[in-house]
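The structure appears right after this line, and notes come after that.
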Amino acid sequence: MIADWRKQWTMNVKVNVLAGMTATLALVPDSLAFSFMAGVPPTVGIYATICILLVTTFLGGRPGMISAAAGSMAVLMLTLVKEHGIAYLFAATVLTGIIQYFMGVFKLGRLMKFVPQAVLTGFVNALAILIFLSQLRYFKDASWTMYALVGVTLVIIYVLPRYFKAIPSPLVAVALLTFAVWAAGLGDVSRIGDIAVMDVSLPSFLLPDVPFNWETLLIILPYSLSLAVVGFTETMLTHNLLDEMTDEQTDKNREMRGQGIANFIAGFFGGMAGCALVAESVLNVKMGGRQRLSTLVSALFLLLLAVVLGDVLALVPMAALIGIMLMVCVAIFDWKSVVKMREVPANETVVMAVTVGSVVITHDLAIGVIVGVALSFIWLAVKSRLRTVDSTN
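Just so we're aligned: 136 in our numbering is position 136 of the sequence shown, and the numbers increase by one with no gaps anywhere.
Below is the structure:
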């Protein structure tokens, strides 16, 4: 126990602190964008991310994994908010947490053993494509300066580590570009402040302003079940990916219990339900954030930026953050699955392609995974049937 505590909080302190800060920079625009997707104020996404990160840091089963407000869950909330109001979203978030907690209690994490590698590869590749596509909206009607700054960001990210590794290159890129854009007075460059007004105060405890009766339960239950399943799927697949990256085996059921408690608490602090984020988690781990300290720093740094340094955060050019997300796309995508496509069985390639296609078309990671798993089992059933026929003949 003491050895594990030392490992999580006293090993590679500098690396974990800088990694957590870097991951936070990727979290900010996503938290704001996901709030808009759900039809709620920007503070809801920020509060959710802070609460979920803080809780999963201590109660989650996968050190270094970034959990926060998520786009895959935000799209499920829009109808609830439009038809019943934001208070019902907070109540649904609390119920989502309860459902996810019992998913962990009943050890549903073991279901991930039945997800074929081809589906996991398809999930990761599809996510990389979705992240890339999501960045394109920032280039609409953009000036040449925007393209140039994104290019400069990528150059710093990939070239700087050859000569200087004390500070993660994405963090350096954001600092340099923010100062350069501010000093040059470039008015045609989109900044975080142009996306949303950062008027955030410390989150406070509140009870969802809804009637505590069966009617309310019947309203929020379908949404909470959907949110719990989508959050479970994305969290477990991200968990699998990070375990493979770090060559570790961590507790998936503990992670789901932690996620459940995190969402339960977020609902009482004005937050929306969330889950693990692949892009930010991969970024954190690749920057060296493999201990719990990195996610704690990420949560506290986001709180500091949003509440105290909102004016500074508003000056950060979107070009720098777009460059970071493009780097994450390249890092996430499994290039071997394309290069060595002819070396793997055709059915695995088909399953991967169908998974990717399903996710890209529906923009729903859970649907893509379900379709991929179903296709894999159909293939196994057909193959088993053919073997039975051959043996009888």
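We put the beta carbon where it would ideally sit given N, CA and C, even for glycine.
Quick caveat, the model's predicted, so the values are computed rather than measured.
- Shown here, R342 sits in a helix according to DSSP, grouped into three states.
- Under the rule that a run must span 3 or more residues, the beta strand (DSSP E) segments found entirely inside the segment 240-293 read 274-276.
- Taking the C-beta atoms as reference points, T24 is found nearer than 9 Å to L305.
- Cβ neighbours of R292 within its own chain (closer than 6 Å, five residues either side excluded): Q8, T57 and P63.
- DSSP places A74 in the uninterrupted alpha helix (DSSP H) bounded by G71 to A74.
- It is roughly 10 Å from the alpha-carbon of V307 to the alpha-carbon of L300.
- In terms of Cβ geometry, G258 and L59 form a close pair [threshold 9 Å].
- Straight across, the Cα-Cα distance linking Y138 with T388 is about 55 Å.
- With respect to I66, T349 sits apart: the two C-beta atoms are not nearer than 9 Å.
- By the CB criterion at 9 Å, S31 and A68 fall inside the cutoff.
- Collapsing the DSSP output to three states places S226 in a helix.
- Residue burial is scored here from C-beta neighbours: V155 has fewer than 16 other C-beta atoms within 10 angstroms and is therefore classed as exposed.
- For D188, there is no enclosing alpha helix (DSSP H), as DSSP marks it with neither H nor E.
- I261 and L133 have their C-alpha atoms spaced approximately 32 Å apart.
- Taking E244 as reference, the option from I99, V285, D188 and F179 with the minimal CA-CA separation is V285.
- Counted as a single uninterrupted DSSP element, the stretch harbouring G109 is not any alpha helix (DSSP H), since DSSP gives it neither H nor E.
- Sequence-distant partners of P41 (beyond 5 residues in either direction) whose C-beta falls short of 7 Å from its own C-beta, in its chain, are S35.
- L283 is not a Cβ neighbour of V28, given a cutoff of 9 Å.
- Comparing alpha-carbon positions, the option among G61, A70, N12 and N240 lying closest to D364 turns out to be A70.
- Contact between A128 and I367 does not hold, since their C-beta atoms are separated by about 17 Å, which reaches or exceeds 8 Å.
- One Cα belongs to L221, the other to A87, and the distance between them is close to 14 Å.
- G85 is the residue among G85, S281 and M327 whose C-alpha sits nearest the C-alpha of I219.
- Taking the Cα of G151 as reference, the smallest distance to any Cα among G187, L326 and A228 is reached at L326.
- Y47 is classed as buried because its beta carbon has at least 16 other beta carbons within 10 Å across all chains shown.
- If you look at W144, you'll find it in the alpha helix (DSSP H) that goes W144 to V159.
- Rounded to whole angstroms, A74 and L386 show a C-alpha spacing of 43 Å.
- Q249 is classed as exposed because its beta carbon has fewer than 16 other beta carbons within 10 Å across all chains shown.
- In the DSSP annotation of this structure, the continuous segment of the alpha helix (DSSP H) that includes S134 starts and ends at Q117 to Q135.
- Comparing alpha carbon positions, the residue from I361, G310, V356 and S384 closest to V373 is V356.
- G61 is a Cβ neighbour of D251, given a cutoff of 9 Å.
- Our two residues, F377 and H239, have alpha carbons roughly 23 Å apart in a direct line.
- From the listed residues R342, A166 and T235, the smallest Cα separation to G104 is found for T235.
- In the DSSP assignment, the residues bridged to S67 are A276.
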